[in-house]
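Report on the structure given below.
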Amino acid sequence: MRAIEFVLMSEWGKVLDQIHIDRLVTEVREREVMRGGAICHTGSQVQFWKGVMSGMIKTSILADNGRTSTLTGIAAGAWFGECAVLRSNVWEFDGVAMRDTRIALVPKATFLWLVETSPAFCHYVIHQLNERLAQYSSMIEVERLEVPETRVARCLAWLFNPVLYPNVGSRLDLSQQEIGYLSGVPRQRVNRALQILEAAGLLEVRYGAVHVLDQQGLMQFRLMAEHTLLLDRLRQRSQT
DNA sequence: TCATTAAATTGTT
DNA sequence: AACAATTTAATGA
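Numbering-wise, the first sequence is residues -14 to 225 according to the working numbering.
Written out as structure tokens, the structure reads:
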């Protein structure tokens, strides 16, 4: 798929006028980034608004002490960077490809022009920003109030948010280590959490991936005594 | 196509 | 954090 086709298939691409499409056709670019490669870097000038055509990236911030704080994953179909374009013109996080990834690039000036000349596009951007705000509010809430199982569940549920990450299937190709980075939970706890969530019928654990069965259920999950009992029973059964 | 090996990931302590 | 078990991917016969 070419970058312009990806643009026109996006939620915001469908609501543009012809004049907007004409300009995008000549200006949209595409870039391929290998696994582990950088998509954007903290402090560097924002030149493009970016969309993930395929693959997946994660956003993180490198702290002074050398540790990295992962913010969130960005799945195929999602667009990001509107906050940096509108707010500071400088990237406020690092973007790293978790797998080989293709990125669609919309020049900053074009993005701003769309905001000013297309009410429909402006509405899309507001919607997107608001949803991102809701995501981060939710993540802060769950980090401060809830146990690791709930954090993992909600983190996964957010990756299936239809506004931020449209057209995501039910399969999420993430190792338990990567889920740990995204949710801020040690891998051992991720492993345990996934087993509980699987026993609760909300997802299925695969090698290097999870199948999400119930996005709403994940979003609303709370750990109860019965969940740990369920897990204990499963373990006893597997030992005998 | 199948067997062997290395690498990645998972599950447990 | 460390370890063992499991799964996948790569290699070559």
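For glycine and all other residues, C-beta sits at the position ideal for the given N, C-alpha and C.
- Judged by pairs of C-beta atoms under 8 Å, the stretch 1 to 14 touches the stretch 95 to 110, as three or more such pairs exist.
- Where R139 is concerned, the enclosing alpha helix (DSSP H) starts and stops at 133 to 143.
- With 16 or more other Cβ atoms inside 10 Å of its own Cβ, I88 counts as buried.
- Each of Q120, A194, T135 was checked against the Cα of M209, and the nearest Cα belongs to T135.
- Note on geometry: alpha-carbon atoms of D49 and P171 lie some 21 Å from one another.
- Around the beta-carbon of P133, 16 or more other beta-carbon atoms lie within 10 Å, marking it buried.
- Counting C-beta pairs closer than 8 Å gives fewer than three between the stretch 112 to 121 and the stretch 15 to 22, which falls short of the contact rule.
- The beta carbon of A23 sits closer than 7 Å to the beta carbons of D79, G80, V81 from its chain, once the five residues preceding and following it are set aside; these are given in chain order.
- If you look at T55, you'll find it in the beta strand (DSSP E) that goes 53 to 60.
- Excluding residues up to 5 positions away in sequence, A142, F145 lie with their Cβ nearer than 8 Å to the Cβ of Q200 in the same chain.
- At the C-beta level, N74 and V31 come within 8 Å of one another.
- Between V195 and L203 the beta-carbon gap is near 10 Å, outside 8 Å, which marks them as no contact.
- Going by DSSP, H196 is part of the beta strand (DSSP E) stretching over 194 to 197.
- The C-beta distance from M41 to A69 rounds to 19 Å, too long to meet the 8 Å contact threshold.
- Distance from V137 to A105 at the Cβ level is roughly 36 Å; contact not present, criterion being Cβ atoms closer than 8 Å.
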